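Undergrad:
There are 2 protein chains.
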Amino acid sequence: MANDENLAAVVSTTQGDYRVVVARGAIEDIGTEMINAGLSGRAFLVADVAMFPTAVHRAHEALERNGFVTNVMTLELSESNKNLDTVQKIYEWLAQHRAERLDTVIAMGGGVAGDLVGFAAATWLRGVPFVQVPTSLASMVDASIGGKVAVNLPAGKNLVGAFYQPKLVLQDIDHLKTLPKREMAGGWAEAIKHGLILDANLLDTFERFPDEMQSLKGDLAVKTIRRSVQIKAEVVSADEFERGDTRVLLNYGHTVGHAIEAVSGYGKYLHGEAVAIGMMAAAGIAEKLGMLDREFVDRQRAVLQRYNLPVSVSGVTVDAIIAATKSDKKSRGGTIRWVQLEGPGKAVTRRDVPEEIVRASVAEVISKS
Amino acid sequence: MANDENLAAVVSTTQGDYRVVVARGAIEDIGTEMINAGLSGRAFLVADVAMFPTAVHRAHEALERNGFVTNVMTLELSESNKNLDTVQKIYEWLAQHRAERLDTVIAMGGGVAGDLVGFAAATWLRGVPFVQVPTSLASMVDASIGGKVAVNLPAGKNLVGAFYQPKLVLQDIDHLKTLPKREMAGGWAEAIKHGLILDANLLDTFERFPDEMQSLKGDLAVKTIRRSVQIKAEVVSADEFERGDTRVLLNYGHTVGHAIEAVSGYGKYLHGEAVAIGMMAAAGIAEKLGMLDREFVDRQRAVLQRYNLPVSVSGVTVDAIIAATKSDKKSRGGTIRWVQLEGPGKAVTRRDVPEEIVRASVAEVISKS
Numbered sequence: 000m001a002n003d004e005n006l007a008a009v010v011s012t013t014q015g016d017y018r019v020v021v022a023r024g025a026i027e028d029i030g031t032e033m034i035n036a037g038l039s040g041r042a043f044l045v046a047d048v049a050m051f052p053t054a055v056h057r058a059h060e061a062l063e064r065n066g067f068v069t070n071v072m073t074l075e076l077s078e079s080n081k082n083l084d085t086v087q088k089i090y091e092w093l094a095q096h097r098a099e100r101l102d103t104v105i106a107m108g109g110g111v112a113g114d115l116v117g118f119a120a121a122t123w124l125r126g127v128p129f130v131q132v133p134t135s136l137a138s139m140v141d142a143s144i145g146g147k148v149a150v151n152l153p154a155g156k157n158l159v160g161a162f163y164q165p166k167l168v169l170q171d172i173d174h175l176k177t178l179p180k181r182e183m184a185g186g187w188a189e190a191i192k193h194g195l196i197l198d199a200n201l202l203d204t205f206e207r208f209p210d211e212m213q214s215l216k217g218d219l220a221v222k223t224i225r226r227s228v229q230i231k232a233e234v235v236s237a238d239e240f241e242r243g244d245t246r247v248l249l250n251y252g253h254t255v256g257h258a259i260e261a262v263s264g265y266g267k268y269l270h271g272e273a274v275a276i277g278m279m280a281a282a283g284i285a286e287k288l289g290m291l292d293r294e295f296v297d298r299q300r301a302v303l304q305r306y307n308l309p310v311s312v313s314g315v316t317v318d319a320i321i322a323a324t325k326s327d328k329k330s331r332g333g334t335i336r337w338v339q340l341e342g343p344g345k346a347v348t349r350r351d352v353p354e355e356i357v358r359a360s361v362a363e364v365i366s367k368s
Numbered sequence: 000m001a002n003d004e005n006l007a008a009v010v011s012t013t014q015g016d017y018r019v020v021v022a023r024g025a026i027e028d029i030g031t032e033m034i035n036a037g038l039s040g041r042a043f044l045v046a047d048v049a050m051f052p053t054a055v056h057r058a059h060e061a062l063e064r065n066g067f068v069t070n071v072m073t074l075e076l077s078e079s080n081k082n083l084d085t086v087q088k089i090y091e092w093l094a095q096h097r098a099e100r101l102d103t104v105i106a107m108g109g110g111v112a113g114d115l116v117g118f119a120a121a122t123w124l125r126g127v128p129f130v131q132v133p134t135s136l137a138s139m140v141d142a143s144i145g146g147k148v149a150v151n152l153p154a155g156k157n158l159v160g161a162f163y164q165p166k167l168v169l170q171d172i173d174h175l176k177t178l179p180k181r182e183m184a185g186g187w188a189e190a191i192k193h194g195l196i197l198d199a200n201l202l203d204t205f206e207r208f209p210d211e212m213q214s215l216k217g218d219l220a221v222k223t224i225r226r227s228v229q230i231k232a233e234v235v236s237a238d239e240f241e242r243g244d245t246r247v248l249l250n251y252g253h254t255v256g257h258a259i260e261a262v263s264g265y266g267k268y269l270h271g272e273a274v275a276i277g278m279m280a281a282a283g284i285a286e287k288l289g290m291l292d293r294e295f296v297d298r299q300r301a302v303l304q305r306y307n308l309p310v311s312v313s314g315v316t317v318d319a320i321i322a323a324t325k326s327d328k329k330s331r332g333g334t335i336r337w338v339q340l341e342g343p344g345k346a347v348t349r350r351d352v353p354e355e356i357v358r359a360s361v362a363e364v365i366s367k368s
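Top to bottom, those sequences are chains U and C. In terms of numbering that gives the first Met the number 0, the first sequence is residues 0 to 368. In terms of numbering that gives the first Met the number 0, the second sequence is residues 0 to 368.
#1: Name the chain U residues whose beta carbon is nearer than 7 Å to that of residue 337 of chain C?
#2: Taking the C-alpha atoms as reference points, what is the distance between residue 321 of chain C and residue 111 of chain C?
#3: Using the rule of at least 16 other Cβ atoms within 10 Å of the residue's Cβ for burial, across every protein chain shown, is residue 199 of chain C buried or exposed?
#4: At what residue ranges does the stretch 141-201 of chain C contain a whole run of the beta strand (DSSP E), taking only runs of 3 or more?
#5: Would you mind stating whether residue 130 of chain U and residue 50 of chain U have Cβ atoms separated by less than 8 Å?
#6: Which value, in whole angstroms, describes the spacing of the CA atoms of residue 195 of chain C and residue 227 of chain U?
#7: Does DSSP classify residue 279 of chain C as helix, strand or coil?
#8: With DSSP as the reference, please indicate the residues paired to residue 70 of chain U in a beta bridge.
#9: If we cut at 8 Å on Cβ distances, does residue 161 of chain U have a partner in chain C?
#10: Please report the straight-line C-alpha distance between residue 212 of chain U and residue 219 of chain U, rounded to a whole angstrom.
#11: Given a cut-off of 8 Å, decide if residue 45 of chain C and residue 106 of chain C are closer than it, judged by their beta-carbon atoms.
#12: Under 8 Å, Cβ to Cβ, is there at least one residue of chain C near residue 123 of chain U?
#13: Could you tell me how far apart the beta carbons of residue 104 of chain U and residue 123 of chain U are, in whole angstroms, since I believe they sit closer than 8 Å?
#14: Which whole runs of the alpha helix (DSSP H) in the stretch 339-367 of chain C are 4 residues long or more, in chain order?
#15: Considering only their Cβ atoms, is the gap separating residue 324 of chain U from residue 274 of chain U smaller than 8 Å?
#16: Take every Cβ of the stretch 48-63 of chain C, pair it with every Cβ of the stretch 73-82 of chain C, and state whether three or more of those distances are shorter than 8 Å.
#17: Considering only residues of the same chain and omitting the five flanking positions on each side of residue 311 of chain C, which have a CB-CB separation below 6 Å?
#18: Can you tell me which of the three DSSP states residue 256 of chain U falls into?
#19: Between which two residues does the beta strand (DSSP E) harbouring residue 107 of chain C extend?
#20: Let me know the secondary structure DSSP gives residue 18 of chain U once reduced to three states.
#21: Taking Cβ positions, are residue 40 of chain U and residue 99 of chain U nearer each other than 8 Å?
#22: If contacts are defined as beta-carbon pairs under 8 Å, then residue 67 of chain C and residue 30 of chain C qualify, I think. What distance do you get, rounded to the angstrom?
#23: Residues of chain U with a CB under 7 Å from the CB of residue 409 of chain C: which are they?
#24: Strictly under 8 Å for the Cβ-Cβ distance: is residue 156 of chain C near chain U by that measure?
#25: Using a C-beta to C-beta distance shorter than 9 Å, which residues of chain U count as neighbours of residue 170 of chain C?
#26: Within a Cβ cutoff of 7 Å, which residues of the same chain sit near residue 240 of chain U, ignoring the five residues on either side of it in sequence?
#27: With which residues is residue 11 of chain U paired in a DSSP beta bridge?
#28: Going by the beta-carbon positions, is the gap between residue 260 of chain C and residue 185 of chain C smaller than 8 Å?
#29: DSSP puts residue 133 of chain U in a beta bridge; with which residues?
#30: Where do the ends of the alpha helix (DSSP H) carrying residue 238 of chain U lie?
#31: What does a CB cutoff of less than 7 Å around residue 253 of chain C pick up in its chain, not counting 5 residues either side in sequence?
#32: Check the Cβ-Cβ distances between residue 206 of chain C and every residue of chain U, and say whether any is below 8 Å.
#33: Going by DSSP, which residues form a beta bridge with residue 312 of chain U?
#34: Here's the rule: buried if 16 or more other CB atoms are within 10 angstroms of the residue's CB, otherwise exposed. What is residue 177 of chain C?
#35: On the criterion of 16 or more Cβ atoms from any shown chain inside 10 Å, does residue 243 of chain U qualify as buried, or is it exposed?
#36: Check each residue of the stretch 42-76 of chain C: if its Cβ is closer than 8 Å to any Cβ of chain U, include it; give the result in chain order.
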């Protein structure tokens with residue numbers, strides 16, 4: 000039976016509802032959770048090579064133990080091969096095994112695995128059941144929930160994709176044990192963001208218990224990851240297709256963040272790091288607009304730094320960042336929709352931000368070195 | 000304003016409702032119909048090169064006249080390039096013009112255009128508004144309605160795709176004027192199939208007025224195409240994802256039809272021609288199972304022949320056809336779900352058909368020549 004102690008959230012979508020399970024050792028429950036989600040047929044597990052052999056073997060055994068005949072493919076999955084060529088390799092593998100409509104595709108790995116394998120699942124035979132097993136903190140608290148799947152084109156990131164909801168998201172905290180410290184920080188950035196935009200209590204917890212959180216010891220880290228997952232699940236349930244005013248709030252820090260990633264060349268900053276810097280630029284804008292006081296801006300900076308996140312960028316110019324924000328695909332008809340805070344846990348969107356205020360705020364997060 | 004005389008059906012789906020408009024000269028209304036469907040932004044018209052220049056220009060003018068800034072791409076679209084390479088060309092073009100989330104992609108052409116351009120629309124920026132302008136009879140009465148979009152892989156047809164509903168389907172009967180007679184027949188096969196499986200009156204109309212229908216003169220042909228469209232729309236509205244027992248009925252004649260296409264090499268028989276032969280094999284099975292009498296089988300044969308459709312296949316063996324039916328992707332767990340008639344307009348599914356009956360019925364539709 001499904002263990003409801005481990006249930007972080009149920010996501011409610013037009014494609015059905017699904018559970019997000021967060022626990023230490025959760026991978027042992029993958030078979031029972033899949034049965035509970037109504038899945039049958041075979042399992043096609045696509046794992047990042049970094050999860051091989053130990054984590055892959057545990058998943059494989061837990062699946063077979065519950066009657067899922069399982070095929071495994073391991074791939075080196077990174078931003079540089081997050082493209083249609085890699086998707087095609089998965090198609091060929093599925094074709095070779097004659098994967099059918101009721102078989103399940105499982106993505107195991109970080110954000111790239113979920114996005115790319117999810118796109119393959121969304122499009123193989125017009126969509127087969129899909130399960131997310133995110134193994135990085137960033138994909139746990141953010142990318143694995145909400146059904147956004149995509150790959151890159153030479154012309155830009157995530158230009159090709161779908162809204163395709165998984166049947167289950169299974170997060171094993173033990174998978175984080177081997178995650179490099181810098182990648183952990185990138186994940187905390189998104190989790191802290193959830194507090195900043197929608198939950199002052201969550202922000203408070205991050206500020207008060209940075210050591211417990213970062214050591215992942217005891218219950219608090221697991222509970223806090225669950226709470227962050229819950230926020231993402233609520234936002235997605237309220238605004239599945241990002242057509243309303245809710246899901247866009249998750250883009251706090253992302254307008255300048257995406258620009259920083261593009262201008263500095265993808266890979267120099269992790270996504271979460273760029274978002275942290277972007278959140279500082281956004282807070283600077285809010286301060287200049289009279290929405291936030293200086294004290295809160297300092298508070299935001301302090302919590303990000305406490306989680307080993309950068310709060311300034313080097314080697315870029317204001318002009319380059321401004322130009323890149325304008326080509327971000329979330330702009331509509333040329334005007335940028337900024338996500339701004341009015342206070343802890345209170346995010347709003349603004350379209351009327353004067354460019355000189357943006358420029359001044361971007362300048363403040365560029366370090367001279 | 001929208002012209003409701005031309006409205007054939009409203010399709011109701013989880014992705015929203017949409018109109019299917021069928022009329023002579025309907026392309027003149029594309030701009031007003033798109034406004035009526037709530038579309039704004041720019042239009043990206045991808046047309047089969049066969050529609051260039053006249054039909055493309057008329058569409059372009061009707062769009063611009065209603066305020067849609069329009070970009071046009073013409074492509075040679077055929078079964079042999081219905082693949083991801085061609086989709087990638089469309090992505091590159093959309094990237095070059097920075098097509099945004101509220102811009103509309105329009106497919107103008109036959110079934111390949113709708114399937115392939117629809118897949119590009121479904122996946123560009125995770126899905127942008129999509130309009131179908133089918134210009135072959137087969138795509139009008141069948142493929143353009145229901146949201147099935149797909150491309151081929153070397154391993155098989157339509158293995159990669161999505162369920163992605165258009166915002167509007169606009170069918171201009173004038174586009175059929177230049178369609179080769181053989182392709183018209185292939186379209187009639189699907190329209191007659193709708194009568195056979197779900198509407199005895201429609202079947203009756205096809206039997207009584209073959210000349211009026213095939214000449215496309217007068218009102219009757221337009222009204223009959225509308226009725227066939229309606230049936231498809233009702234089936235799709237009842238069973239959007241082909242999970243129930245309704246949409247599968249549209250596969251009447253398709254189990255053996257697909258096998259004939261695969262075994263004789265794609266291109267030898269048009270899809271509708273193969274389906275016509277497949278419907279004769281299915282009727283033979285039903286007769287042997289005691290579901291249909293010989294008289295009705297002869298009646299089905301006569302109407303198909305009257306519309307210039309083949310009722311037997313040459314150059315294939317029973318063994319090859321049987322083997323191909325077993326690898327059809329609609330089989331689940333190995334058993335084939337046969338669509339059978341119990342009488343005119345009355346289709347059911349059967350899983351328990353003995354192989355010797357299938358073999359005997361397939362043998363009957365193989366000609367010795």
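All C-beta atoms in this analysis are idealised placements derived from N, C-alpha and C, irrespective of residue type, glycine included. Remember, predicted model here, so these are calculated numbers, not experimental data.
TA: In this structure, then:
#1: What residue 337 of chain C touches in chain U: nothing, since even the nearest Cβ is about 18 Å away.
#2: 27 Å
#3: exposed
#4: The qualifying runs are 147-152, 155-162 and 167-171.
#5: no
#6: About 55 Å.
#7: helix
#8: U:43
#9: yes
#10: 7 Å
#11: yes
#12: Yes, contact with chain C.
#13: Confirmed, about 7 Å.
#14: 354-363
#15: No.
#16: yes
#17: 364 and 366
#18: helix
#19: Looking at the DSSP string, the run of the beta strand (DSSP E) that includes residue 107 of chain C is 103-108.
#20: strand
#21: yes
#22: 6 Å
#23: Nothing about residue 409 of chain C can be reported from this structure: the residues present for chain C run from 0 to 368 only.
#24: no
#25: Neighbours of residue 170 of chain C on chain U: none; closest Cβ ~23 Å, over 9 Å.
#26: 162
#27: Looking at the DSSP output, residue 11 of chain U bridges to U:16.
#28: no
#29: U:108
#30: Here residue 238 of chain U belongs to no alpha helix (DSSP H), and DSSP marks it neither H nor E.
#31: Annotation for residue 253 of chain C: 274 and 277 place their beta carbon closer than 7 Å to its own, counting only its chain and skipping 5 residues before and after.
#32: no
#33: DSSP, once it has assigned bridges, lists U:365 as partnering residue 312 of chain U.
#34: exposed
#35: exposed
#36: Those residues of the stretch 42-76 of chain C that come within reach of chain U (Cβ to Cβ, closer than 8 Å) do not exist; the list is empty.
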